[in-house]
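Asker:
Residue numbers (the working numbering), protein chains in the order written: chain L, -13 to 103; chain A, 52 to 167.
#1: Just to confirm, is the Cβ distance from residue 66 of chain A to residue 129 of chain A under 9 angstroms?
#2: Compare the C-beta of residue 129 of chain A against all C-beta atoms of chain L and say whether one is closer than 9 angstroms.
#3: Can you tell me which of the three DSSP states residue 114 of chain L falls into?
#4: Pull up the DSSP beta-bridge partners for residue 21 of chain L, would you.
#5: Given a limit of 9 angstroms on CB to CB distance, which residues of the region 24 to 38 of chain L reach chain A?
#6: On a CA-only basis, which of A/150, A/151, A/152 and A/145 is nearest residue 57 of chain A? Give me that one, please.
#7: Step through the CB atoms of chain L and report whether any lies within less than 9 angstroms of the CB of residue 158 of chain A.
#8: Considering only C-alpha positions, which residue in the set A/102, A/80, A/150 and A/137 is nearest to residue 164 of chain A?
#9: Examine chain L for any beta-carbon lying closer than 9 angstroms to the beta-carbon of residue 107 of chain A, and answer yes or no.
#10: Report buried or exposed for residue 48 of chain L, applying the criterion of at least 16 other Cβ atoms within 10 angstroms of its Cβ.
#11: Mind listing which residues of the region 50 to 78 of chain L have their C-beta closer than 7 angstroms to chain A's C-betas, in chain order?
#12: What did DSSP end up calling residue 102 of chain A once you bin it into helix, strand or coil?
#13: I'd like to check one pair, residue 39 of chain L with residue 88 of chain L: are the Cβ atoms closer than 9 angstroms?
#14: Taking residue 90 of chain L as the query, report the chain A residues whose CB atoms sit under 8 angstroms from its CB, ordered along the chain.
#15: Quick check on the burial criterion: 16 or more other C-beta atoms within 10 angstroms. Buried or exposed for residue 95 of chain A?
#16: Going by beta carbon distance, what residues of the same chain come within less than 7 angstroms of residue 141 of chain A, once the five residues before and after it are set aside?
#17: To the nearest angstrom, how far is the alpha carbon of residue 5 of chain L from that of residue -2 of chain L?
#18: Identify which residue in A/64, A/166, A/120 and A/131 has its Cα closest to the Cα of residue 81 of chain A.
#19: Quick one: is residue 140 of chain A near chain B, going by C-beta distance under 9 angstroms?
#20: Beta-carbon within less than 6 angstroms of residue 69 of chain A's beta-carbon, same chain only, minus the 5 sequence neighbours each way: which residues are those?
#21: Quick check: residue 33 of chain L and residue 73 of chain L, are their CB atoms within less than 9 angstroms of each other?
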């Protein structure tokens, strides 16, 4: 089974600064998808960004970008120009690309991001 | 923008009671999921549902759990006889497909279940 590891339980960043959240995963599959979800205090899970393993280009969504290193099995999230509203728990998730492995998202334990003024 | 909705937002029940958690997936989505998150822990997959049947389930999803799509819009999770350890946030999610750019799972706001 695939495992997703987020080694930083908590991170802190000052408003307008840049922060990087790390995520590593373990898989023997070559086709898969990776996601970052944000969970603010309301506890709703909000998709931040998505990456297909077969794409070499790193995904970006406005201030959010990823550094996808397939050989190293690393998928870090960079948040630029941090805003107070970015404060949340961030979860990295893995999903197999093979139908016989199912379509369940496998989540890491999360990183709590604090944004200070 | 279409979104997944869940009711109730908070459910309190006595141990041993049955509960039904309700979800309305995004209307053109075909794949439905339930996840749970015990307080302070990671989100865990329970079950996925497609074409009116379970397509995948985890070890957590034992005989106490069942899912149903009773009509064209609702997707429900039933816990037959709740235990204290069932206390958690339950998230419903849906996706349009399971491959390509349409496979993204969109989550509802969750139902907080408290078992006393």
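Here a beta-carbon is modelled for each residue, glycine too, at the ideal position from N, C-alpha and C.
Answerer: For this structure:
#1: Position 15 of the second chain, counted from the first residue, corresponds to residue 66 of chain A. Position 78 of the second chain, counted from the first residue, corresponds to residue 129 of chain A. Taking 9 angstroms as the Cβ cut-off, residue 66 of chain A and residue 129 of chain A do not qualify as a contacting pair.
#2: Position 78 of the second chain, counted from the first residue, corresponds to residue 129 of chain A. Output row for residue 129 of chain A: interface = no.
#3: With chain L covering -13 to 103 only, the question about residue 114 of chain L has no answer from this structure.
#4: Locating residue 21 of chain L in the first chain gives position 35, counting from the first residue. Partner(s): L/36 and L/79.
#5: 25, 28, 29, 30, 31, 32, 33, 36 and 38
#6: Within the second chain, residue 57 of chain A is the residue found at index 6, counting from 1. Nearest to residue 57 of chain A by C-alpha distance, out of A/150, A/151, A/152 and A/145, is A/145.
#7: Within the second chain, the letter at position 107 stands for residue 158 of chain A. Yes - at least one Cβ of chain L is within 9 angstroms of the one on residue 158 of chain A.
#8: Along the second chain, read from residue 1 onward, the residue named residue 164 of chain A stands at position 113. The shortest Cα separation from residue 164 of chain A among A/102, A/80, A/150 and A/137 belongs to A/137.
#9: Translated into positions along the second chain, residue 107 of chain A becomes position 56. Chain L, which has a Cβ nearer than 9 angstroms to the Cβ of residue 107 of chain A, makes this yes.
#10: The residue you call residue 48 of chain L lines up with position 62 of the first chain. Counting Cβ neighbours within 10 Å, residue 48 of chain L comes out exposed, since fewer than 16 surround it.
#11: Cβ contacts with chain A come from 77.
#12: Here residue 102 of chain A is taken as the residue at index 51 of the second chain, counted from 1. Note: residue 102 of chain A maps to coil in three-state DSSP.
#13: The sequence position of residue 88 of chain L within the first chain is 102, counting from 1. The sequence position of residue 39 of chain L within the first chain is 53, counting from 1. Not closer than 9 angstroms, so no.
#14: Here residue 90 of chain L corresponds to residue number 104 of the first chain, with the count starting at 1. Ordered by position in chain A, the residues that pass the 8 angstroms Cβ test against residue 90 of chain L are 84, 96, 99, 107 and 109.
#15: Sequence index remark: in the second chain, residue 95 of chain A carries index 44 (1-based). The residue in question, residue 95 of chain A, is buried, as its Cβ has 16 or more Cβ neighbours within 10 Å.
#16: Walking along the second chain from the start, residue 141 of chain A turns up at place 90. Short of 7 angstroms from the beta carbon of residue 141 of chain A, and not among the five residues preceding or following it, lie these beta carbons of its own chain, in chain order: 72, 85, 87, 128, 161, 162 and 164.
#17: As a working note, residue 5 of chain L is residue 19 in the first chain. As a working note, residue -2 of chain L is residue 12 in the first chain. Cα to Cα, residue 5 of chain L sits roughly 8 angstroms from residue -2 of chain L.
#18: Within the second chain, numbered from 1, the residue matching residue 81 of chain A stands at position 30. Nearest Cα to residue 81 of chain A within the set A/64, A/166, A/120 and A/131: A/120.
#19: No chain B is part of this structure, whose protein chains are labelled L and A.
#20: By one-based count along the second chain, residue 69 of chain A stands at place 18. Within the same chain, residue 69 of chain A has close Cβ partners 131.
#21: If you number the first chain from 1, residue 33 of chain L lands on position 47. If you number the first chain from 1, residue 73 of chain L lands on position 87. Result no, Cβ atoms of residue 33 of chain L and residue 73 of chain L do not sit closer than 9 angstroms.
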